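> First the structure, which I've put down as structure tokens, then a few questions once you've had a look.
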Amino acid sequence: MKVNSRLIALMVAMAAGTAAAAGNTPAGTIISNTATAVFEDPTGPAGNTSGNVASNPVTTTVQPKPDFDIVYSGVLDMGTNAALSATNPAMNYNFVDQVPGAVISTPYVIVNNGNVGSNTPATTPYTVAVAAFTGGTTLPTGTIVQYFTDANANGILDGTDALITGPVSVPADLLGVAGDPNNAIDEGRLNIRQVVTIGTNAPSGSLFSVSPQGTGDVYSGGPPAGPVSTTEATTDLQYTQIKVFAPLIDVVPPSFVPDTTPGGTTTPITTTPVVVPPTGPTGTPVTDPNNPVSPPGTPGLPSDPSTPGYVDPANPGTSITSNPTGDNQIAYPPADSNTAPDVVTFVNTVTNKGLADVVNLFPTIATGPNAGQPIGVNNGDGSFTLPDGTIVKFLNPDGTPATLVGGYPTISVPAGTPGTPSTANFRTEVTFPDTNPVLNGVTNPAQIDILVGIDSKNDTGVVADGTSTNTIMPPAMQFGDSDGPTVGINPVNSVITQTVSPKAAQPTGAGIIASPDTSDATAVFPMDIVNQGEYGDSYTLTTPVVNFPNTAGGTTPAVSVKYVDINGTELPKNAAGNYITPVVAKNEELKVFLVVVVPADAATGSVTVPQTATGNYSTIVATDPNDVVKVAIVNTNPDLVTGNPGSGIDVDKYQTKGATAPTPTVAQKDPFNVLPGDTVRYAIIAKNNFNTPVANFVLSDSAAGQNVYTFSKFVSATVVPTTGLTGFTATVAPAPVYTPPAAVTSATVYYKWTGTLAGVAVTSGGFVTAAPTATNMDTVTTLEVAVDTNGSGTITAADIVPATASIRLDIVVTVR
């Protein structure tokens, strides 16, 4: 292994394939020498040449001088190698991107630089033991190094090669002799192969070096001089360097148009604006009430908030914002009308800066002892069920099932470089419990974060080599009667009743929301719109259609129906007449007030006012179907002149003489003069001025306390059905819902009377339908009139006089 000019020349000649003489004088060679003198023998004739005398012979025996080296095959042995090292091997002995389980075989030569060998005259075998030396590096777990002979030097392990398990014999390179055909052959070489098998669990990125290191006899000049067992110096080793493949893959939000061929080349896209939910704190007004925000998947308008992204390839109604630099994408799904689980499908992109790869796909977590490992239950169909019930399924870019390899869904990605990474897309389908309104049982969903992991099959184990976050912002909303400052609403289906006085004044401005319950004509319902979803939204409040039964038997629409804010300011309307709220931030609520002004002619009763709120972005719909406006009982027309102003029942009596009945007029209430024998006509009109029916009503005229029947003769008493009854019509039920206090099904007049006829007491015996005449009695003691309104055929306490209805009883007498 010592460097000398002769050795260099020999190695150069060997490498060049020349036929120059090479080798060392074999040990055991006997070198003999005899001198000869040729001269003219003086004893012979002149000029002879026969004088010839030989010296005594001398001999020298060549002693063993062993030496060896192990070198790269085909690379010059330059002795102590300062240029090449464990970290700087020869170019052909540097291997990168080797996957676990790979076998790396490199050729070496054991060179017999000495003169000892089984092929020398001394026939002394010369052996060298070979072992692996790692040059300060560490073999990865499970990696083994073996050495084989390569007798035919074909570079392939075949049947002629043998595993080296101990010292191997290396012949000497014999010194050439003139005429010897082996002169051009270096007999002192043994071809071997170093075979490294990388452990199947070798960590990615592992870097290590291995060199064969020989141990054999090497001549030493002593003292004492002679062969000494010597191991090659570490400075004279020639290494094979191996780097285990380190995946250069990552998963990111889609930077490219989703392709439909696994592993196919994608084309960069131009930024595509997608409609997103409105932002801003609660109370931020919408820009355009006629387009507060376009629902996702619909054509956008300039007033729509938008950001770069794409639409869900399986559900175009869901906008997904893509942020490749932030390694996160966010989906904003709208609501639906069913209770089935909701689904959002993301597109993810795998980037590869290294070898062609097949990539495992799975959900994972970012922290903790299991960080980067698959989580949930692997269902064996490309999907995983997470602990909260969410199902994550991986699909090819066209939506078909991903190829399963080793139980995991996979995607293939071509080779790339750091400067030009290759890409491949896949879909991540996330199925999660429905998050629609409280009707479906979920009242406050949280955002859903899915950490997508990808793992190279070119390395060991299943641990994420790259991750990206897919986030879902689910919608949810409650709408109902306010429960005060607490975020939320009164229990679903709670009935709130507002009682109003239709004849009272109506508050204005900020006083609207402070409207008292019964002393004015305004019903006010404080309402909470609770955005329990994970993105902001504004809402359309459908203007309810409210009609009230009126005292005339028909219906009258509400004077006004409107929504106002906490300041009493009316909310903006769209062209359809519905109200648009400002933005309600996620997990916050907005208080509004429904204000219903009741018309002055409203009859008493209860009108249900259903309300509906619809998310302008989420499309979520919530209702409060059962708030009630109750109309109080009021006197709609107090008679401040002649009647009883404190009561809603007004009874007026008019009189005329002669053949004409009262018309009636106010003047017909005045006194006038009569003569015996004159006919006097009375009209008694009883009117219900309440805005509600009056039950158990009887109109009477009797002799008690007055002398009309003492000085007059009774002729007749009648209620003319066509003119004597007004307002006795069937009750109308206005939209949306009206609950009348009572109803009229028919109107039949009944009479009840007592008196005398020719001095004999007579009676009707109860209520009868026949009107009394002079043939029944000539003097009245009592006279009563009532109306059967429920078709019972008799007069009961259930019979009513409808609101504003009246009864006219006409009585005719003759002055005695």
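Numbering (full-length UniProt numbering), first residue to last: 1 to 816. Built from N, CA and C at the ideal position, the CB exists for glycine as well. The model shown is predicted, which means the values in this text are computed figures rather than measured ones.
Compare the Cα-Cα distances from residue 387 to each of 379, 375 and 393 and report the closest residue.
Of 379, 375 and 393, the residue nearest in Cα terms is 375.
> Grouping DSSP H, G and I as helix and E and B as strand, with all else coil, what is residue 796?
Here residue 796 sits in coil by DSSP.
> What is the rounded straight-line gap between the Cα of residue 35 and the Cα of residue 187?
Whole-angstrom Cα-Cα distance: 34 Å.
> Look at residue 303 and residue 291 and say whether their C-beta atoms are less than 8 Å apart.
Yes; because the gap between Cβ atoms is below 8 Å, this pair is in contact.
> Are the stretch 800-812 and the stretch 705-721 in contact at 8 Å, needing three or more beta carbon pairs?
Touching, yes.
> According to DSSP, simplified to helix, strand and coil, what is residue 667?
In the structure shown, residue 667 sits in a helix (DSSP, three-state: H, G or I).
> Anyone know if the C-beta pair for residue 649 and residue 692 falls short of 8 Å?
Not a contact, by the Cβ cut-off of 8 Å.
> Helix, strand or coil: which one does DSSP assign to residue 257?
Confidence at residue 257 is low in this model, with a pLDDT of 46, below 50, so the placement of that residue should be treated as unreliable; the coordinate-derived value is given next. Coil, per DSSP.
> Ignore the nearest five residues each way along the sequence and tell me which others in residue 323's own chain have a CB closer than 7 Å to its CB.
Correct list, in chain order: 253 and 329.
> Please name the residue in 681, 222, 754 and 192 whose C-alpha comes closest to that of residue 145.
Residue 145 has its Cα closest to that of 192, out of 681, 222, 754 and 192.
> With DSSP collapsed to three states, give me the class of residue 93.
Helix.
> Can you tell me which of 309, 137, 210 and 217 puts its alpha carbon nearest to the alpha carbon of residue 169?
Residue 169 has its Cα closest to that of 217, out of 309, 137, 210 and 217.
> Cα separation between residue 138 and residue 207?
For residue 138 and residue 207, the distance between alpha carbons rounds to 8 Å.
> Using the C-alpha atoms, what's the distance from residue 545 back to residue 523?
Cα to Cα, residue 523 sits roughly 14 Å from residue 545.
> If you pair each beta-carbon of the stretch 461-469 with each one of the stretch 605-618, do three or more pairs fall below 8 Å?
Output reads no: the stretch 605-618 does not touch the stretch 461-469.
> Relative to the C-alpha of residue 826, which candidate in 414, 803 and 532 has its C-alpha closest?
With the chain covering 1 to 816 only, the question about residue 826 has no answer from this structure.
> Please confirm if the stretch 65-75 is in contact with the stretch 225-236, defined as three or more CB-CB distances below 8 Å between the two stretches.
Yes, the stretch 65-75 touches the stretch 225-236.
> So the candidates are 52, 396, 74 and 63; which of them puts its Cα closest to the Cα of residue 220?
With distances taken between Cα atoms, residue 220 lies closest to 63.
> With the cut-off set at 8 Å, would you say residue 359 and residue 410 are in Cβ contact?
In this structure, residue 410 lies closer than 8 Å to residue 359 by Cβ.
> So for residue 51, helix, strand or coil by DSSP?
The answer is strand: DSSP assigns residue 51 an E or B state.
> Near residue 497, which residues of its chain fall below 7 Å by C-beta distance, leaving aside the five closest residues on each side in sequence?
Only 628 and 630 meet the Cβ criterion.
> Could you give the uninterrupted runs of the beta strand (DSSP E) lying entirely in the stretch 313-391, keeping only those of 3 residues or more?
DSSP runs (the beta strand (DSSP E)) wholly in the stretch 313-391: 319-323, 328-332, 342-352, 357-364 and 383-385.
> Between which two residues does the beta strand (DSSP E) containing residue 107 stretch?
Looking at the DSSP string, the run of the beta strand (DSSP E) that includes residue 107 is 103-112.
> Use the C-beta contact count for residue 672: other C-beta atoms within 10 angstroms, 16 or more gives buried, fewer gives exposed.
Flag for residue 672 reads exposed.
> Just reading off the beta strand (DSSP E) that residue 450 is part of, what are its end residues?
Residues 448-456.
> Can you tell me whether residue 140 is buried or exposed? The criterion is at least 16 other CB atoms within 10 Å of its CB, across all chains shown.
Flag for residue 140 reads buried.
> Within the continuous beta strand (DSSP E) that includes residue 630, where are the two ends?
621-631 is the span of the beta strand (DSSP E), which, as asked, contains residue 630.
> Establish whether the CB of residue 535 and some CB of chain C are separated by less than 8 Å.
Protein chains in the displayed structure number just one, and chain C is not present.
> Cβ of residue 714 within 8 Å of Cβ of residue 780?
Contact: yes.
> My assumption, with CB atoms under 8 Å, is that residue 534 sits in contact with residue 445. Please give the rounded CB distance.
Right, the Cβ-Cβ distance comes to about 7 Å (below 8 Å), so this counts as a contact.
> May I ask you to list the residues that DSSP assigns as paired with residue 473?
Per DSSP, none; premise fails for residue 473.
> For residue 723, which residues in the same chain have their Cβ closer than 8 Å to its Cβ, ignoring the five residues on either side in sequence?
The answer, listed in chain order, is 808.
> For residue 451, collect the residues of the same chain with a Cβ closer than 7 Å to its Cβ; drop the 5 residues on either side in sequence, then sort them by chain order.
If we look at residue 451 and ignore the five residues flanking it on each side, its Cβ neighbours are 363, 364, 365, 366, 467 and 469.
> Quick one: is residue 816 buried, meaning 16 or more other Cβ sit within 10 Å of its Cβ, or exposed?
Answer is exposed; the Cβ neighbour count stays below 16.
> Give the secondary structure of residue 304 by DSSP, where H, G and I count as helix, E and B as strand, and everything else as coil.
Residue 304: coil per DSSP, three-state reduction.
> Measuring CA to CA, which of 616, 635 and 383 is closest to residue 828?
Because the chain here runs from 1 to 816, residue 828 falls outside it and cannot be looked at.
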